[in-house]
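According to my numbering, the sequence shown is numbered sequentially starting from 63.
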Amino acid sequence: MNVYDNPPKDLYRAPYDPMNMSDGVIRGTSRADYSPLKKSLAITALLSIAVVLIAKLFAGNVVPIGFGLLFFIIGSIVFWTTIFNCSSKKKNCTQPVTAVCHDLHVSVSRDSDGTTSRTYSPVWRYYFNGNYYEHHESNSSNIDVPRVGEERTLMIDPSDPLTIYRKSIPQMLFLLIFGLIFMIVPMLMVMID
Numbered sequence: 063m064n065v066y067d068n069p070p071k072d073l074y075r076a077p078y079d080p081m082n083m084s085d086g087v088i089r090g091t092s093r094a095d096y097s098p099l100k101k102s103l104a105i106t107a108l109l110s111i112a113v114v115l116i117a118k119l120f121a122g123n124v125v126p127i128g129f130g131l132l133f134f135i136i137g138s139i140v141f142w143t144t145i146f147n148c149s150s151k152k153k154n155c156t157q158p159v160t161a162v163c164h165d166l167h168v169s170v171s172r173d174s175d176g177t178t179s180r181t182y183s184p185v186w187r188y189y190f191n192g193n194y195y196e197h198h199e200s201n202s203s204n205i206d207v208p209r210v211g212e213e214r215t216l217m218i219d220p221s222d223p224l225t226i227y228r229k230s231i232p233q234m235l236f237l238l239i240f241g242l243i244f245m246i247v248p249m250l251m252v253m254i255d
């Protein structure tokens, strides 16, 4: 048993408790890491060249792939960034901590026909190495949203405790499937023409 296993009890105070926010809380979000995006752009560039060459082979020219190539590029960036971001976070975030969903920031959007959609960005509170931390997730989603007060195990970077990795298989699968569909459909369209 170590200091990470026994957080003080006031970590779990209710959000409406006026003593919930103490001055000793270190607040923040993960530092920006652009290396997964850089890697995905490099792979996307190579794959885009391959797609254009395949289109030329199957269709005789690259005209049919013009608009589809844009979809391919978007799908490839989403797909590869998801994979590289996940592996990068797993590599750096090695310390498990028990965190409490302290708050949910709600983003509301309305489309042109008046339909409203909500996405949520959790705020996690956890205790590590004698300090309280409060991490506001920078991405917002309506997939795998925790309830306020719910406990989850997060992985944090011991050298930068505000950098977290929250394993969310439904969210990751959504992004991977979205990316694959955007990559495959344009190629099938070229082969069918």
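We treat Cβ as the ideally placed atom computed from N, Cα and C, and that holds for glycine.
| Check | Outcome |
| --- | --- |
| Answer with buried or exposed for W186, where buried requires no fewer than 16 other C-beta atoms within 10 angstroms of its C-beta. | buried |
| Take I105 as the anchor and find which of T143, A117, E199 has the nearest alpha-carbon. | T143 |
| Could you say which of V114, G130, S150, F240 lies nearest to K101 if we only look at CA atoms? | S150 |
| Could you tell me the distance, in whole angstroms, from the CA atom of K229 to the CA atom of D219? | 14 Å |
| Determine the contact status of T181 and S169, defining contact as a CB-CB distance below 8 Å. | yes |
| Taking C-alpha atoms, which residue in S97, G176, I231 lies nearest to I205? | I231 |
| Where do the N-terminal and C-terminal ends of the beta strand (DSSP E) with S174 fall, by residue? | No beta strand (DSSP E) contains S174, which DSSP labels as neither H nor E. |
| To the nearest angstrom, how far is the alpha carbon of N147 from that of T177? | 32 Å |
| Could you tell me how far apart the beta carbons of L131 and V159 are, in whole angstroms, since I believe they sit closer than 8 Å? | L131 to V159, Cβ: 43 Å. No contact. |
| Are there 16 or more other CB atoms within 10 angstroms of the CB of L250, so buried, or fewer, so exposed? | exposed |
| Alpha carbons only, please: which of I243, S110, I226 is nearest the one belonging to A95? | It is Asp, not Ala, that sits at residue 95 in the sequence shown. When only C-alpha atoms are compared, the closest one is I226. |
| Straight-line CA distance for R172 to L119? | 44 Å |
| Spatial neighbours of F133 within its chain, please: CB distance less than 6 Å, with the 5 preceding and 5 following residues excluded, ordered by chain position. | F244, P248 |
| Could you give the DSSP three-state label for S102: helix, strand or coil? | helix |
| Measuring only the C-alpha atoms, how far is I88 from R214? | 19 Å |
| Suppose the cutoff is 6 Å on Cβ atoms and the five residues either side in sequence are ignored; what does the same chain contact list for I136 look like? | F244 |
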